[in-house]
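Please read the structure below before turning to the comments.
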Amino acid sequence: MSARTRVAIIGAGPAGLLLSHLLGRCGVESIVIDSRTREQIESTIRAGILEQGTVEILAETGVSDRVLTVGQKHEGIELRVAGEGHRIDFTDTVGRAVWLYPQHEVLKDLIAARLGAGQDLRFGTTAVRVEDATTSRPRVIAKDAEGRTVEIEADVVVGADGSRSVAREAVTGTYGGYFREYPFAWFGILCEAPPSSEELIYSNSPNGFALISQRSPEVQRMYFQCDPDTDTEVYTEEQLWEILQSRVPGTTLNEGRIFQRDVLRFRSFVAHEMRRGRVVLVGDAAHTVPPTGAKGMNLAVADVILLTEALRALLLDQDETLLDAFPETARHRVWKAQHFSWWMTNMLHLEPGASDFDRLRQIGELRSVVESRAGRTYLAEAYTGWPL
Ligand code: PHB
């Protein structure tokens, strides 16, 4: 089976779906494939913070009905340092905000919009490899749900297929990237309880980091720092509440039934290349950040906004200059976000084997941020997102 389109997009995550949505609005047709079913995509729990610029692009392009009604606008976060709470006020420092709206809800909105527009969106279709990157007719070789080979020929192939990207090999070779691992992970829970705090609390405590986040008035999301090899079943519910509670001194958590547990490993990665010929990588396929700065999905959105302009110029005006500039322009923001995510991570987590010096220095660092208007402004500017 073969198909032909202008842009073949591998991956129906935030990057792939938003790209096809924005291209569709410029009159550029695309095919999106994903190995997962629609149900899997719409139910996988991921991060939940949207930068103001991300919400603005959803609003400008008609997919913001739910984010603006169900999502919650957050005008600040709290950093908890040695039991003292310090609010970072986004409105006061930078006049911007973020929205708490889980990634899978964004995906539901985009899938509904794409199917509503008659988009060729193929679930259960797994990319196997990308061929002919340096020609003007690159191709995706894939397998459909019945195991039949599907070939999609396009003007451009976009790998929006996440950290285990199949498209990446066609761009950089398998190992082509800058890489860092961290000696800790997050143990995440979802529970049925009322919120314990109106805003997110990022807590640096002597027992390690915890993040108190939310999902809705009835469901809460919380994380605590753990060893990357932790088995999700090792703790009883009672133990989980004890650990979480011990890491947010100063707050009494509202407890409730824990109905999901997961361990998220931390990684920082930037591919050496984001483009080879007519194959381009966006989002997690090109870069991964640890979750502490809530940058992952927002960075994917920033890539896609840039790439849309570049593909529009190439495919509608035969002008390749923006596509030539794309990797350099995208990487400028990517490395700023890499730094912010690394900085938040290192400032808030306790390294295994940290000395008293390390611990006290870290508290000094946190205080130098929270007690200074310049420090709070720096954090707020990065967290709410640099201009797109
Ligand atoms: C989440 O609610 O899942 C969340 C919020 C903030 C982060 C990471 C994850 O930095």
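Residues in the sequence shown are numbered from 849 upward in steps of one, following the numbering used here. We treat Cβ as the ideally placed atom computed from N, Cα and C, and that holds for glycine.
Once the 5 residues before and after glutamate 899 are set aside, which same chain residues still bring their CB inside 7 Å of it? The residue labelled residue 899 in the question sits at position 51 within the sequence shown. Taken in chain order, the residues that qualify are Val946, Asn1146, Thr1232 and Gly1233.
Alpha carbon of threonine 1084 to alpha carbon of glycine 872, nearest angstrom: Mapped onto the sequence shown, residue 1084 falls at position 236. Mapped onto the sequence shown, residue 872 falls at position 24. Using only the alpha carbons, I get a separation of about 49 Å.
Between the Cα of threonine 1193 and the Cα atoms of Ser1045, Trp1034, Val1149 and Ser1203, which residue gives the shortest distance? Within the sequence shown, residue 1193 is the residue found at index 345, counting from 1. Closest option to threonine 1193, Cα to Cα, is Trp1034.
Using a threshold of 8 Å, state whether the C-beta atoms of serine 1013 and leucine 1129 are closer than that. One-based indexing of the sequence shown puts residue 1013 at position 165. One-based indexing of the sequence shown puts residue 1129 at position 281. It is a contact, given that the beta carbons lie within the stated cut-off.
Can you tell me which residues form a DSSP beta bridge with asparagine 1146? Within the sequence shown, numbered from 1, the residue matching residue 1146 stands at position 298. Paired residues: none, contrary to the question.
Would a C-beta distance cut-off of 8 Å place leucine 948 and glutamine 967 closer than the cut-off? Along the sequence shown, read from residue 1 onward, the residue named residue 948 stands at position 100. Along the sequence shown, read from residue 1 onward, the residue named residue 967 stands at position 119. Cβ atoms of leucine 948 and glutamine 967: not closer than 8 Å.
Sub-8 Å separation of glutamate 979 and arginine 987 beta-carbons: On the sequence shown, position 131 is the one that residue 979 refers to. On the sequence shown, position 139 is the one that residue 987 refers to. Yes; because the gap between Cβ atoms is below 8 Å, this pair is in contact.
Between Ala1150, Pro1054 and Leu1092, which lies nearest to serine 1061 when the distance is taken from Cα to Cα? Within the sequence shown, the letter at position 213 stands for residue 1061. Of the candidates Ala1150, Pro1054 and Leu1092, the one whose C-alpha sits nearest the C-alpha of serine 1061 is Leu1092.
Is aspartate 913 buried or exposed, if buried means 16 or more other CB atoms sit within 10 Å of its CB? Locating residue 913 in the sequence shown gives position 65, where the first residue counts as 1. Exposed, since its Cβ has fewer than 16 Cβ neighbours within 10 Å.
Label histidine 1180 either buried or exposed according to how many other C-beta atoms from any shown protein chain fall within 10 Å of its C-beta, with 16 as the threshold for buried. Position 332 of the sequence shown, counted from the start, is the residue given in the question as residue 1180. Exposed, by the Cβ-count rule.
Proximity of proline 1031 and proline 1139 at Cβ, strictly below 8 Å: By 1-based counting over the sequence shown, the position of residue 1031 is 183. By 1-based counting over the sequence shown, the position of residue 1139 is 291. Their beta carbons are not under 8 Å apart, which means proline 1031 does not touch proline 1139 by this criterion.
Is the beta carbon of isoleucine 1198 within less than 7 Å of some heavy atom of the ligand PHB? Numbered from its first residue, the sequence shown carries residue 1198 at position 350. Correcting the residue type first, residue 1198 is leucine in the shown sequence and not isoleucine. Checking every heavy atom of the ligand PHB against the Cβ of leucine 1198, none is found closer than 7 Å.
Tyrosine 1026 in three-state terms, based on DSSP: As a first step, residue 1026 is located in the sequence shown; it is residue number 178 there, counting from the start. DSSP places tyrosine 1026 in strand when its eight states are reduced to three.
Isoleucine 897 CB to nearest heavy atom of the ligand PHB below 7 Å: Working through the sequence shown from its first residue, we reach residue 897 at position 49. Checking every heavy atom of the ligand PHB against the Cβ of isoleucine 897, one is found closer than 7 Å.
Are there any heavy atoms of the ligand PHB lying less than 7 Å away from the beta-carbon of threonine 1136, as far as the coordinates show? If you number the sequence shown from 1, residue 1136 lands on position 288. Incorrect: threonine 1136 has no Cβ contact closer than 7 Å to the ligand PHB.
Cross-strand partners of serine 1061 (DSSP beta bridge): Locating residue 1061 in the sequence shown gives position 213, counting from the first residue. Per DSSP, Arg1069.
Can you list, in chain order, the stretches of the beta strand (DSSP E) that have 3 or more residues and sit fully within the stretch 906-955? 920-922, 924-929, 932-937 and 946-948
Where does glutamate 1176 land, buried or exposed, given buried means 16+ other C-beta within 10 angstroms? Translated into the one-based positions of the sequence shown, residue 1176 becomes position 328. By the neighbour-count rule (16 or more Cβ atoms within 10 Å), glutamate 1176 is not buried but exposed.
Is it true that the stretch 855-870 meets the stretch 999-1017, where meeting means three or more beta-carbon pairs spaced less than 8 Å apart? yes
For phenylalanine 1035, list the residues DSSP reports as bridge partners. Here residue 1035 refers to the residue found at position 187 when the sequence shown is read from its first residue. In DSSP, phenylalanine 1035 forms a bridge with Phe1072 and Val1111.
Is it the case that the Cβ atoms of arginine 1105 and cysteine 1039 are separated by a distance below 8 Å? Reading the sequence shown from its first residue, position 257 is the one you call residue 1105. Reading the sequence shown from its first residue, position 191 is the one you call residue 1039. Cβ atoms of arginine 1105 and cysteine 1039: closer than 8 Å.
Local Cβ density within 10 Å of serine 984, reported as buried at 16 or more and exposed below that: To locate residue 984, count along the sequence shown from 1; it is residue 136. Looking at its Cβ environment, which holds fewer than 16 other Cβ atoms inside 10 Å, serine 984 is exposed.
Name, in chain order, the residues that DSSP records as bridge partners for glutamate 1086. Position 238 of the sequence shown, counted from the start, is the residue given in the question as residue 1086. For glutamate 1086, which the question treats as bridged, DSSP gives no partner whatsoever.
Helix, strand or coil at alanine 1133 according to DSSP, with G and I counted as helix: Within the sequence shown, numbered from 1, the residue matching residue 1133 stands at position 285. Helix, per DSSP.
Using the three-state DSSP reduction, which class does glutamate 1199 fall into: helix, strand or coil? Taking the first residue of the sequence shown as 1, we reach residue 1199 at position 351. Coil at glutamate 1199, not helix or strand.
Continuous alpha helix (DSSP H) stretch holding isoleucine 1211: start and end: Sequence index remark: in the sequence shown, residue 1211 carries index 363 (1-based). Start and end: 1204-1218.
Any chance the CB of glycine 1056 is under 7 Å from a heavy atom of the ligand PHB? Mapped onto the sequence shown, residue 1056 falls at position 208. It does not: the Cβ of glycine 1056 is nowhere closer than 7 Å to a heavy atom of the ligand PHB.
Valine 1152 by DSSP, collapsed to three states: which one? Within the sequence shown, numbered from 1, the residue matching residue 1152 stands at position 304. Helix, per DSSP.
Just the Cα atoms here: how many angstroms apart are isoleucine 1153 and arginine 1063? The residue given as residue 1153 occupies position 305 in the sequence shown. The residue given as residue 1063 occupies position 215 in the sequence shown. So the two alpha carbons sit approximately 27 Å from each other.
How about threonine 1140: is its Cβ closer than 7 Å to a heavy atom in the ligand PHB? On the sequence shown, position 292 is the one that residue 1140 refers to. Checking every heavy atom of the ligand PHB against the Cβ of threonine 1140, one is found closer than 7 Å.
Within this structure, are the beta carbons of tyrosine 1052 and glutamine 951 separated by less than 8 Å? As a first step, residue 1052 is located in the sequence shown; it is residue number 204 there, counting from the start. As a first step, residue 951 is located in the sequence shown; it is residue number 103 there, counting from the start. Contrary to the premise, residue 1052 reads as asparagine rather than tyrosine in this sequence. No; because the gap between Cβ atoms is not below 8 Å, this pair is not in contact.
First and last residue of the beta strand (DSSP E) that includes valine 855? As a first step, residue 855 must be located in the sequence shown, where it is residue number 7. First-last of the beta strand (DSSP E) with valine 855: 855-858.
Less than 8 Å separating the beta-carbons of valine 903 and valine 876? As a first step, residue 903 must be located in the sequence shown, where it is residue number 55. As a first step, residue 876 must be located in the sequence shown, where it is residue number 28. Going by C-beta atoms, valine 903 is not nearer than 8 Å to valine 876.
Could you tell me if tyrosine 1026 is buried or exposed, where buried requires 16 or more neighbouring beta carbons within 10 angstroms of its beta carbon? Walking along the sequence shown from the start, residue 1026 turns up at place 178. Flag for tyrosine 1026 reads exposed.
Looking at the structure shown, is serine 1094 part of a helix, part of a strand, or coil, going by DSSP? What you label residue 1094 is simply residue 246 of the sequence shown in a count that begins at 1. Of the three classes helix, strand and coil, the one that applies to serine 1094 here is helix, per DSSP.
Is leucine 1214 close to the ligand PHB? I mean its beta-carbon at under 7 Å from any heavy atom of the ligand. In the sequence shown, residue 1214 corresponds to position 366, counting from 1. Result no, Cβ not under 7 Å from the ligand PHB.
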